[in-house]
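Below is one structure, written out as structure tokens, with a few remarks after it.
There are 2 protein chains.
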Amino acid sequence: LIEFENVTRTFIMGDNRVDALKGVSFRIDDGELCAVIGPSGSGKSTIMNIVGLLDRHTSGKYYLEGESVKARGEDELARLRNHFIGFVFQSFFLLPRLTALQNVCLPILYRGESQSEYLDRAEELLSKVGMGTHMQHRPHELSGGQQQRVAIARALMGKPSLLLADEPTGALDSKTSQEVMDLFKSLNSDDGVTVMIITHDPRIADQCPRVIKVLDGNIESDNG
Amino acid sequence: LIEFENVTRTFIMGDNRVDALKGVSFRIDDGELCAVIGPSGSGKSTIMNIVGLLDRHTSGKYYLEGESVKARGEDELARLRNHFIGFVFQSFFLLPRLTALQNVCLPILYRGESQSEYLDRAEELLSKVGMGTHMQHRPHELSGGQQQRVAIARALMGKPSLLLADEPTGALDSKTSQEVMDLFKSLNSDDGVTVMIITHDPRIADQCPRVIKVLDGNIESDNG
Ligand SMILES: Nc1ncnc2c1ncn2[C@@H]1O[C@H](COP(=O)(O)OP(=O)(O)OP(=O)(O)O)[C@@H](O)[C@H]1O
Ligand SMILES: Nc1ncnc2c1ncn2[C@@H]1O[C@H](COP(=O)(O)OP(=O)(O)OP(=O)(O)O)[C@@H](O)[C@H]1O
Ligand SMILES: [Mg+2]
Ligand SMILES: [Mg+2]
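As given, the protein sequences belong to chains A and B, one line each in that order.
Take the first sequence: its letters are residues 9 to 232, numbered as in our numbering.
Take the second sequence: its letters are residues 9 to 232, numbered as in our numbering.
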């Protein structure tokens, strides 16, 4: 499904240069449940942003479903991003003027589902992450962990086949973290969703059969 | 130093009402190192925002240094906030157009220190949290954990006597989390800074002699 071949990513700011990824290679198959771990600043989010088509690599190859991403057009990448990938961002990126419910519905509004159809699904997802009583709150009226859970529900709204979660339990207590992990595991085992989770929490990483360890822009270890 | 007496905080949004704090009482003495733990949405940040003079309680009493906060004027509260309290926010609130170094210097620019004085201290604090090589980056050019560490350095810039940290290690790996915790502990033991830390990480809470547990807007337990 996902194949990185010597992928690099360099950021240039004036005469400053950061080699965030220095030649990263790995393969993730359909239906895998994979944790990405490593120190702060080691390159995990950069990897996930490239996988999720939010960022372009500097050199190397990225094959998604067997086809090189560089070869594809902007329209097709946008279609893949919107229909196929669900992304939980490290800093949530909820729209401040919309309620939790509206934020969750946003990604699929253009798809042509009936309002009652998608409203039902949005409410169900919000309840699944324990946000059933706070659907009309706006982000600034929610706690940090509540915002994180709205971001998770939003990522699942489009029924993605690839779920990318950047530290999805960072703001959650252990009970709520496990509820989120149980939700991800059931999507993986019951619906075959490929799941990639960046995490600093060893208890989350321990529940993933596949673990990729990143260090200073390189893959330090990979049990795959 | 800090005394809450039956403090409540109610949020009203249209005809919706949230009783975030339902009657919270506790006392924190000068020089204590205190962890605040509890489930997501239980009221921890609300407590800290009231302690840090960023929010007003709805009813009850809040005494800071023996004097009721309600009795004090806006100017005096602003002075206390700026000179006496350091706040690490759960969502960082770094200014996007400023570099890490500029963000750290911001709180004390009006104090009348010489530029070389405060620049030295800012660079030293950034190095202490492992951000020495990234001082000229802007927030969007930093990883999540790097942004969190800039927010920590900024909170310490004004040499506060009361440090309030809302989940300061949420985005950090375990090694960096411990470095931050060691920094807080030395401020507490060497400089007598009163430290209050909201955390979901039991390894952080375990290093605090005082632990206050919050549940659904109430104090569930307090070993103080
Ligand atoms: N401005 C607001 N308007 C309405 N409700 C609010 C507001 N701020 C907080 N709340 C509600 O008050 C409750 C407590 O929120 P608080 O941010 O204190 O939780 P918390 O313990 O810090 O949670 P977390 O661990 O997720 O950060 C939550 O139910 C939240 O939805
Ligand atoms: N837009 C950018 N411009 C410049 N440098 C960047 C940019 N984005 C990331 N970096 C740098 O690239 C490196 C990797 O960042 P990345 O966000 O991938 O780390 P991370 O492993 O996700 O860390 P964390 O656990 O703290 O979230 C860091 O040194 C960071 O400062
Ligand atoms: Mg990251
Ligand atoms: Mg909070």
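Just so you know, even glycine gets a beta-carbon here, dropped at the ideal spot from N, CA and C.
Look at residue 47(B): its C-beta is under 9 Å from a C-beta on chain A. The beta carbon of residue 26(B) lies closer than 6 Å to those of 19 in the same chain, with the five residues before and after it left out. Distances taken from the Cβ of residue 136(B) to the heavy atoms of ligand 4 include none shorter than 8 Å.
Proximity of the beta carbon of residue 78(A) to ligand 3 is not indicated: no heavy atom of the ligand is located closer than 8 Å. Spanning the alpha carbons of residue 93(A) and residue 60(A) requires a straight line of approximately 7 Å. Taking 9 Å as the threshold, the shortest C-beta distance from residue 65(B) to chain A does not fall below it. In chain order, 61 place their CB closer than 6 Å to the CB of residue 85(A), counting only its own chain and leaving out the 5 sequence neighbours on each side. Not a single heavy atom of ligand 2 lies less than 8 Å from the C-beta of residue 166(B). Identification of residues in the stretch 159–192 of chain B having a C-beta nearer than 9 Å to some C-beta of chain A yields 174, 175, 177, 178, 179, 180, 181, 182, 183, 184, 185, given in sequence order.
A distance criterion of 8 Å places the beta-carbon of residue 67(A) beyond contact range of ligand 1, judged by its closest non-hydrogen atom. The closest CA to that of residue 189(A), considering only 48(A), 10(A), 41(A), is found on 41(A). Chain B has no Cβ within less than 9 Å of the Cβ of residue 95(A). In this structure, DSSP gives residue 29(A) an extended state, which the three-state scheme calls strand.
CA-to-CA, the gap between residue 149(B) and residue 215(A) works out to about 31 Å. For the stretch 99–112 of chain A, the set of positions with a beta-carbon nearer than 9 Å to some beta-carbon of chain B reads 99, 100 in chain order. Under DSSP, the beta-bridge partners assigned to residue 203(B) are 41(B), 171(B). Following the DSSP letters along the chain, one finds residue 134(A) inside the alpha helix (DSSP H) bounded by residues 123–136. Not a single heavy atom of ligand 4 lies less than 8 Å from the C-beta of residue 175(A). Residue 88(B) and residue 112(B) do not touch by the CB rule: their CB atoms are close to 21 Å apart, not below 8 Å. Taking 9 Å as the cut-off, the Cβ atoms of residue 102(B) and residue 147(B) count as close. Per DSSP, reduced to three states, the secondary structure at residue 73(B) is coil, with no helix or strand assignment. For ligand 2, a non-hydrogen atom lies closer than 8 Å to the CB of residue 98(A).
Comparing alpha carbon positions, the residue from 32(B), 44(B), 24(B) closest to residue 210(B) is 44(B). In the three-state scheme derived from DSSP, where H, G and I count as helix and E and B as strand, residue 80(B) is classed as coil. Counting every other CB atom within 10 Å of its CB across the protein chains shown gives residue 174(B) a total of 16 or more, marking it as buried.
Residue contact with chain A for residue 225(B): absent (no Cβ-Cβ distance below 9 Å to any residue of chain A). Per DSSP, residue 48(A) lies in no alpha helix (DSSP H) and is assigned neither H nor E. Listed along chain B, the residues sitting closer than 7 Å to residue 24(A) by beta-carbon distance are 144. In this structure, residue 55(A) has its beta carbon at no less than 8 Å from each heavy atom of ligand 4. Within the same chain, and ignoring the five residues on either side of residue 120(A) in sequence, no residue has its Cβ closer than 8 Å to its Cβ. Taking CB atoms only, residue 91(B) has no neighbour in chain A less than 9 Å away. Within chain B, 149 have C-beta atoms less than 8 Å from the C-beta of residue 19(A), given in sequence order. Our two residues, residue 193(B) and residue 165(B), have alpha carbons roughly 16 Å apart in a direct line. Taking the beta carbon of residue 53(B) as reference, the chain A residues within 7 Å of it are 151, 152, listed in sequence order.
Placement of the Cβ of residue 221(B) at a distance of 8 Å or more from every heavy atom of ligand 2 is found.
Judged by DSSP secondary structure, residue 105(B) falls outside any alpha helix (DSSP H); it is assigned neither H nor E.
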